[in-house]
């Protein structure tokens, strides 16, 4: 059995592998899963569906998941979300589809009831803006953004989505968010694009934020967004990090939002990330290239681990929050996850982000996306920090533990009793982490 040592360092849990791993391990070598110390994967937790009643019906989804999230101002909504905006939408869904679950609805069937309410809120925001009621306008634009965001939940991709309603909701979400940010007026913001692999016809959209009045080259945090929430959900992270003196760049992970490729495209492995860092390097007067960090959130965590290897010489540190790396990419996990913490079909949404039309095809191929099986985890890397909740059942905590057992290891901060991403306890810790490193 592989050994690992446990020690506390600077308030973090540090796990270091005690066995030597070759930096150039053969990616085709057999990986024996049984050598791992398993915490969630293949354990009773993996089959305990009792904490997740929201899979049973549309009504249960609203009452036991969304209503609680709205009260807590937590994922899948943010602090601007208002319960009164969602209650009538779910009444309509329940009346229209009385004996169905959320997973049984078609994409357009799910999305369409949200659109009218979101547009109503946007129109109210427009009127408030024209009357110079700035703060109220911001609130209404962000309320609208929350409604549109849930309309395309859990996934949308401009290049591959077939749902016209979800694509329209994504477009309206971007517009509402931009209108709100324009009024907040705390930071300069712009949209840019990095040419993917030097191909000027294939651009990676980037959103860039820096505090108003900032001068010179600033440290950079590139946020890789997740499967179901994109730059329009990152207002809290953007506001906090820019207040610490960072420039924040957001990028959609492959296969989501406005990314030009899917996760199974070979360009997603290295070129996608190298192109982003190249783009930063072209403007040394704006970006401090000695202080570039990446922060992958939720499913963006998977791609963040890749960045830690691909850009080990140009990126100072990488945070992988809510890590998916190996066990999440198994048929066993994906099938169990249908009734665990993720409130809709994880195998369908995750598979779509990797370019698969149906879950079964994705599950047939899924193991090839494991970073352990690819040999990625045994490569040299920049400093990697893993953050998660010990009770995560969207992605098993084992996917983060093995980061410490391979390659140069990782610094891990786990939050007891917390679920995916370690929220809500992880946010204060992460913000303190970033503040302490704002000078690099």
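Residue numbers (my numbering): 12 to 451. For each residue, glycine too, the CB sits at the ideal point set by N, CA and C. In this text, all values refer to a predicted model and were calculated from it rather than measured experimentally.
Enumerate in chain order the residues of its own chain whose CB-to-CB distance from residue i is below 6 Å, with the five nearest sequence positions on each side excluded.
i: residue 288; result: 322, 325
i: residue 220; result: 198, 200, 249, 253, 259
i: residue 93; result: 154
i: residue 304; result: 232, 327, 328
i: residue 101; result: 73
i: residue 251; result: 442
i: residue 115; result: none
i: residue 440; result: none
Should residue i go down as buried or exposed, given a rule of 16 or more other Cβ atoms within 10 Å for buried?
i: residue 258; result: buried
i: residue 58; result: exposed
i: residue 123; result: buried
i: residue 432; result: buried
i: residue 242; result: buried
i: residue 416; result: buried
i: residue 437; result: buried
i: residue 2; result: This structure gives no information on residue 2, because the portion of the chain shown stretches from 12 to 451.
i: residue 443; result: exposed
i: residue 434; result: buried
i: residue 404; result: buried
i: residue 1; result: Any answer about residue 1 is impossible in this case: the structure gives the chain only from 12 up to 451.
i: residue 205; result: buried
i: residue 451; result: exposed
i: residue 109; result: exposed
i: residue 175; result: exposed
i: residue 239; result: buried
i: residue 334; result: buried
Using a Cβ-Cβ cut-off of 8 Å (strictly less than) and excluding sequence neighbours within five positions of residue i, which residues of its own chain qualify?
i: residue 99; result: 128
i: residue 6; result: Given that the chain is displayed from residue 12 to residue 451, the structure contains no residue 6 and the question cannot be resolved.
i: residue 202; result: 216, 217, 218, 219
i: residue 135; result: 151
i: residue 352; result: 62, 63, 403, 404, 405, 430, 431
Between residue i and chain C, is there a C-beta pair that is closer than 8 Å?
i: residue 418; result: Within the model displayed, chain C is absent; a lone protein chain is all it includes.
For residue i, which residues from the same chain have a beta carbon less than 7 Å from its beta carbon, with the 5 sequence-adjacent residues on both sides left out?
i: residue 77; result: 97
i: residue 170; result: 271
i: residue 402; result: 428, 429, 430
i: residue 392; result: 319, 320, 323, 418, 419
i: residue 490; result: No statement about residue 490 is possible, as the shown extent of the chain runs from 12 to 451 and does not include it.
i: residue 208; result: 278, 282, 286
i: residue 344; result: 52, 338, 407
i: residue 35; result: Only weak support is given to the placement of residue 35: the predicted model assigns it a pLDDT of 37, under 50, and the value that follows is read from those uncertain coordinates. Cβ neighbours of residue 35 beyond the five flanking positions: none.
i: residue 68; result: 112
Just to confirm the assignment, what range does the beta strand (DSSP E) spanning residue i have?
i: residue 300; result: 298-308
i: residue 48; result: Per DSSP, residue 48 belongs to no beta strand (DSSP E) and is neither H nor E.
i: residue 260; result: 258-262
Report, in whole angstroms, the separation of the C-beta atoms of residue i and residue j, which I expect to be a contact under 8 Å.
i: residue 90; j: residue 84; result: 4 Å
i: residue 234; j: residue 261; result: 5 Å
i: residue 316; j: residue 414; result: 7 Å
i: residue 366; j: residue 332; result: So it is not a contact: roughly 24 Å between Cβ atoms.
i: residue 113; j: residue 355; result: 6 Å
i: residue 264; j: residue 314; result: 5 Å
For the alpha helix (DSSP H) holding residue i, just list the boundary residues, first then last.
i: residue 327; result: Neither: residue 327 is in no alpha helix (DSSP H) and is coded neither H nor E.
i: residue 345; result: 342-348
i: residue 424; result: Premise fails: residue 424 lies in the beta strand (DSSP E), 421-426, not in any alpha helix (DSSP H).
i: residue 438; result: 437-447
i: residue 152; result: 145-162
i: residue 135; result: 118-141
i: residue 99; result: 94-107
i: residue 269; result: Segment: none, residue 269 is in no alpha helix (DSSP H) and carries neither H nor E.
i: residue 252; result: 246-254
i: residue 81; result: 78-83
_Quick check for students: name the residue ranges of the alpha helix (DSSP H) that lie wholly in the stretch 355-407, counting only runs of 4 or more._
357-364, 370-376
_3 or more residues per run - each beta strand (DSSP E) lying fully within the stretch 185-242_ = If we require 3 residues or more, the beta strand (DSSP E) runs fully inside the stretch 185-242 come out as 198-207, 210-222, 229-235.
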